[in-house]
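Which chain is which? The protein sequence lines are R and W, in order. Going by the numbering used here, the first sequence opens with residue 1, and the numbers climb by one from there. Going by the numbering used here, the second sequence opens with residue 147, and the numbers climb by one from there. Built from N, CA and C at the ideal position, the CB exists for glycine as well. Please read all numbers here as calculations on a predicted model, not as lab measurements.
Number of protein chains: 2
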Amino acid sequence: MEKAKAVFNEFIASKNLRMTPQRSLILDIFLRKKGHLTAEQLYDMVKRKDPSVGQATVYRMLKLLSESGIAREVDFGDGVLRYEHLYGREHHDHLICTRCNKEVEVVDEEIERLQERLAKRHGFVLTGHRMYLYGICKECRNNVGE
Amino acid sequence: MEKAKAVFNEFIASKNLRMTPQRSLILDIFLRKKGHLTAEQLYDMVKRKDPSVGQATVYRMLKLLSESGIAREVDFGDGVLRYEHLYGREHHDHLICTRCNKEVEVVDEEIERLQERLAKRHGFVLTGHRMYLYGICKECRNNVGE
DNA sequence: AAGTTTATGAAAATGATTATCATTTTAAGA
DNA sequence: TCTTAAAATGATAATCATTTTCATAAACTT
Ligand SMILES: [Mn+2]
Ligand SMILES: [Mn+2]
Ligand SMILES: [Zn+2]
Ligand SMILES: [Zn+2]
């Protein structure tokens with residue numbers, strides 16, 4: 001939390017950018033919340049603390065957070081980008097229930113390894129990947145009637 | 147090709163929809179082209195054959211093609227949906243060069259298997275997945291200067 | 001052929017994100 | 001502290017792919 005703030009401050013300094021009350025507020029709120037949240041959701045929370053902050057500033061800040069390694073953009077494929085904590089977290093992929101939209105964070109070291117191998121086999125050096133698994137969770141399978 | 151057309155015709159009939167010259171033309175052109183093409187690209191090709199066709203019809207048709215299992219929506223994450231042949235093709239994922247945008251179609255049975263296992267481990271029954279591997283291809287690694 | 005349903009094309013609407021721009025802040029210097 | 005150049009902000013307009021709307025034109029049914 002404090003560590004993440006320090007990292008962001010360093011990033012800001014290294015790019016000759018400036019720390020402002022707006023950025024500080026947005027960063028605070030972002031770090032406090034966990035999960036995957038959209039720019040709109042974050043904007044709503046920011047507005048509650050300071051209604052004068054514009055949404056463009058939130059969008060701009062999310063870009064900076066991503067660049068600095070504090071946040072990561074997540075695209076579930078529904079037309080809205082979400083952001084999650086990246087700093088201090090392990091890499092993971094997502095398992096999504098298409099019925100109740102539950103999102104489970106998952107990792108499979110074996111899959112990660114095989115992805116590298118697969119890319120290499122085609123002459124590529126992997127720089128990243130996006131993997132989303134879609135399915136029906138146990139709860140949804142039980143509540144078939146409703 | 148003819149088989150695919152028949153499948154689409156059946157789909158149209160089963161839904162009490164109608165086959166029209168526009169749909170037929172769009173289907174023909176789509177089936178003739180391979181690769182991953184956008185609605186805009188398909189629209190351009192259709193226009194060349196019949197300038198009177200509207201782009202809304204192309205978008206509508208792509209929806210139908212996807213529903214009927216003839217086409218599959220592919221989202222490389224650049225803000226534009228692409229469509230590829232699905233009927234008569236094997237499942238595959240994509241390996242994309244972030245420098246030259248080369249797209250390689252890949253499959254790794256082992257990964258597919260592990261995805262199932264991973265989902266099951268979390269109580270999910272997998273219905274699908276999206277996996278995109280991003281990296282730098284061999285050619286791009288050689289042409290570093292240009 | 002008449003009636004009913006579905007399809008079409010043009011144009012407007014949508015919705016998330018980005019760009020613009022006039023104004024305000026910030027960080028350094030003098 | 002005053003000055004100034006660079007960067008940030010917020011309101012608003014612009015983008016851009018996709019979807020809707022709606023009046024008109026097919027397509028099927030009887
Ligand atoms: Mn996550
Ligand atoms: Mn493909
Ligand atoms: Zn569920
Ligand atoms: Zn390349």
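- For residue 229 of chain W, no Cβ of chain R is located within less than 8 Å of the residue's own Cβ.
- Contact with chain W is absent for residue 72 of chain R, since none of that chain's Cβ atoms lies less than 8 Å from the residue's Cβ.
- Within the region 108 to 138 of chain R, 108, 110, 111, 114, 115, 118, 119, 122, 123, 124, 125, 126, 127, 128, 129, 130, 131, 132, 133, 134, 135, 136, 137 and 138 place their CB atoms closer than 7 Å to a CB of chain W, listed in sequence order.
- Using a Cβ-Cβ cut-off of 8 Å, residue 98 of chain R counts as an interface residue toward chain W, since at least one Cβ of chain W sits closer than that to its own.
- Bounds of any beta strand (DSSP E) do not take in residue 19 of chain R, whose DSSP letter is neither H nor E.
- At least one CB of chain W lies nearer than 8 Å to the CB of residue 104 of chain R.
- When the five nearest sequence neighbours on each side are left out, the beta carbons in the same chain lying within less than 8 Å of the beta carbon of residue 67 of chain R are those of 11, in order along the chain.
- If you check the CB distance, residue 126 of chain R and residue 264 of chain W do not come in under 8 Å.
- A heavy atom of ligand 1 is found nearer than 7 Å to the CB of residue 84 of chain R.
- Here residue 275 of chain W has 261 as same chain residues with Cβ atoms under 6 Å from its own Cβ, once five neighbours each way along the sequence are excluded.
- In the structure shown, residue 38 of chain R falls within a strand segment according to DSSP collapsed to helix, strand and coil.
- Here DSSP, grouped into helix, strand and coil, assigns residue 243 of chain W to strand.
- Relative to ligand 4, residue 206 of chain W has its C-beta separated by 7 Å or more from all heavy atoms.
- In the three-state reduction of the DSSP assignment, residue 53 of chain R falls in the coil class, being assigned neither a helical nor a strand state.
- Residue contact with chain R for residue 221 of chain W: present (Cβ-Cβ distance below 8 Å to some residue of chain R).
- Annotation for residue 233 of chain W: 150, 153, 215 and 216 place their beta carbon closer than 7 Å to its own, counting only its chain and skipping 5 residues before and after.
- Excluding its 5 nearest sequence neighbours in each direction, residue 238 of chain W has C-beta neighbours in its own chain below 8 Å: 251, 252 and 253, listed in chain order.
- Spatial neighbours of residue 74 of chain R in its own chain (CB-CB distance under 8 Å, excluding positions within 5 residues in sequence) are listed in chain order as 36, 81, 82, 83, 84 and 94.
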